[in-house]
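Participant:
Residue numbers (the numbering used here): 41 to 411.
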């Protein structure tokens, strides 16, 4: 791949690092959650508790004593989301666990507990999308291939990837139990210029299912099993294949697809694109180990965003326009990536959590100078 026509400078400074006492498997960042001021770090713990920690003012560090502990009354927590579901308060907390229970907290209290799978199945992904009436909908999936959309105490739709409601080309691949590996709410501009929301669900049968209103409208084959996704300005349009001038996707509508073999592909207009002169099984980036997390860090002054990548390796990798910028070495595998302005300087910092129970805040410096 050719080097872009800029001189690139990139560096990372660790602002703080904290080691938490309680074992957790998921971490997200929220702002003023449940009236706890400032930036909050939320962990989903193995004992079924959600714990909320407060970041000290001006990003000075993380208070390792929880400000709030919420009991789900269920099993180990696998996934978390923060969103204003009820519209009563600023934000609500959504928790999925290994017993197939989805718990929603509002104003520090359990708003609803819904058993969405058998107790042998695990809820492994959760996301929040907006329906056509701009009402939030919680979508979660299980490791048995069941995707469910709910509101508090209300089931909206349920989709089992083993059923017969799939397009013809997908029936054979979904005739056996498949595991949904990741979910993404995907906004795409249609031919009339209207924004359309789709749900992308990747499974372990090398498919991405495109879902609209609880119906699979398309299935996209992928070269490998996709285990992480994020939307943004991933790579310059002219590097996509095939590239047709004047028919580029609107800005920010590319999806990075991270694979279980370490490869990153680009989804553009519902097609998995590959670089010019390469075969369909080739990729833009390869981390050489399975990828579990992808996150775009917006770069308003540049044509493309930074892509943050983590997986089965002790590092946070950073890519720009298909090129490796740098690696930040970590103490263990990174299990979560999020963004927040923790030091109140007007730009987002990177927050990561690792398998050794540490949480760290990183300050990225990046600049491009025309050559």
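Ideal Cβ placement from N, Cα and C applies to all residues, glycine included.
Given this structure, state the Cα-to-Cα distance separating residue 68 from residue 376, to the nearest angstrom.
Facilitator: One C-alpha to the other measures close to 7 Å.
Participant: Is the region 127 to 146 in contact with the region 98 to 107, if contact means three or more CB pairs nearer than 8 Å?
Facilitator: At 8 Å Cβ cutoff, the stretches do not touch.
Participant: By Cβ distance below 7 Å, which residues in the same chain neighbour residue 222 in space, the five residues on each side in sequence not counted?
Facilitator: So the list reads 165, 242, 266, 267, 268 and 269, once near-sequence residues are dropped.
Participant: Is the distance from the Cβ of residue 396 to the Cβ of residue 59 below 9 Å?
Facilitator: Yes, Cβ-Cβ distance for residue 396 and residue 59 is below 9 Å.
Participant: Going by the beta-carbon positions, is the gap between residue 106 and residue 125 smaller than 9 Å?
Facilitator: Going by C-beta atoms, residue 106 is not nearer than 9 Å to residue 125.
Participant: May I ask which residues mark the beginning and end of the beta strand (DSSP E) holding residue 347?
Facilitator: Counting along the chain, the beta strand (DSSP E) containing residue 347 begins and ends at 346 to 351.
Participant: Using 10 angstroms around the beta-carbon of residue 233, count the other beta-carbons present and answer buried if the total reaches 16, otherwise exposed.
Facilitator: It is exposed - the Cβ of residue 233 has fewer than 16 other Cβ atoms within 10 Å.
Participant: Taking the beta carbon of residue 128 as the centre, do at least 16 other beta carbons fall within 10 Å, making it buried, or is it exposed?
Facilitator: Per the 10 Å Cβ criterion, exposed.
Participant: First and last residue of the beta strand (DSSP E) that includes residue 412?
Facilitator: As displayed, the chain neither begins before 41 nor continues past 411, which places residue 412 out of reach and without an answer.
Participant: CA-CA distance, residue 240 and residue 172?
Facilitator: Distance between the alpha carbons of residue 240 and residue 172: 17 Å.
Participant: Of all the options 301, 308, 156 and 83, which has the alpha carbon lying nearest to the alpha carbon of residue 278?
Facilitator: Checked all of 301, 308, 156 and 83; the closest Cα to residue 278 is 308.
Participant: Excluding the 5 residues preceding and the 5 following residue 114 in the sequence, name in chain order all residues of the same chain whose CB lies nearer than 6 Å to its CB.
Facilitator: Closer than 6 Å at the Cβ level, and outside the excluded window around residue 114, lie 88, 137, 139 and 141.
Participant: Are residue 175 and residue 251 touching if we call contact CB-CB under 9 Å?
Facilitator: No. Outside cutoff.
Participant: Out of curiosity, what's the CA-to-CA distance linking residue 167 and residue 57?
Facilitator: If you take the alpha carbons of residue 167 and residue 57, they lie about 27 Å apart.
Participant: Provide the residue(s) that pair with residue 343 in DSSP beta bridges, ordered along the chain.
Facilitator: None; residue 343 has no bridge partner.
Participant: Roughly how many angstroms separate the alpha carbons of residue 225 and residue 169, rounded to a whole number?
Facilitator: Distance between the alpha carbons of residue 225 and residue 169 is about 6 Å.
Participant: In angstroms, rounded to a whole number, what distance separates the CA positions of residue 75 and residue 135?
Facilitator: Those two C-alpha atoms are separated by around 19 Å.
Participant: Counting Cβ pairs closer than 8 Å, one from the region 324 to 331 and one from the region 247 to 264, do we hit at least three?
Facilitator: No contact exists between the region 324 to 331 and the region 247 to 264.
Participant: By alpha-carbon positions, which one of 272, 332 and 408 ends up nearest to residue 300?
Facilitator: It is 332 whose Cα lies nearest to the Cα of residue 300.
Participant: Please look up how many angstroms separate the CB atoms of residue 390 and residue 337, rounded, as I've assumed it's under 8 Å.
Facilitator: Their Cβ separation, rounded to whole angstroms, is 7 Å, which keeps residue 390 and residue 337 in contact under 8 Å.
Participant: Which term fits residue 61, buried or exposed, when burial requires 16 or more other beta carbons within 10 angstroms of its beta carbon?
Facilitator: Classification of residue 61: exposed, given that the 10 Å Cβ count is below 16.
Participant: Take the Cβ of residue 257 as the centre, count every other Cβ of all protein chains shown within 10 Å, and call the residue buried at 16 or more, exposed below.
Facilitator: Label assigned to residue 257: exposed.
Participant: Under 8 Å Cβ to Cβ from residue 77, same chain only, skipping five residues before and after it: list those, please.
Facilitator: Closer than 8 Å at the Cβ level, and outside the excluded window around residue 77, lie 94.
Participant: Which residues mark the beginning and the end of the beta strand (DSSP E) in which residue 395 is found?
Facilitator: Note, residue 395: premise wrong, no beta strand (DSSP E); not H, not E.
Participant: As a quick exercise: from 363, 181, 340 and 156, pick the residue whose alpha carbon is nearest that of residue 304.
Facilitator: Per the Cα distances, 363.
Participant: Would you mind working out which of 65, 194, 219 and 158 sits nearest residue 202, comparing C-alpha positions?
Facilitator: For the residues 65, 194, 219 and 158, the minimum Cα distance to residue 202 belongs to 219.
Participant: Which runs of the beta strand (DSSP E) fall wholly inside the region 136 to 212 and span at least 3 residues, in chain order?
Facilitator: Runs found: 141 to 146, 149 to 155, 163 to 170, 176 to 182, 186 to 191 and 194 to 200.
Participant: Going straight from the alpha carbon of residue 51 to that of residue 302, what length do you get?
Facilitator: In a straight line, the C-alpha of residue 51 is about 23 Å away from that of residue 302.
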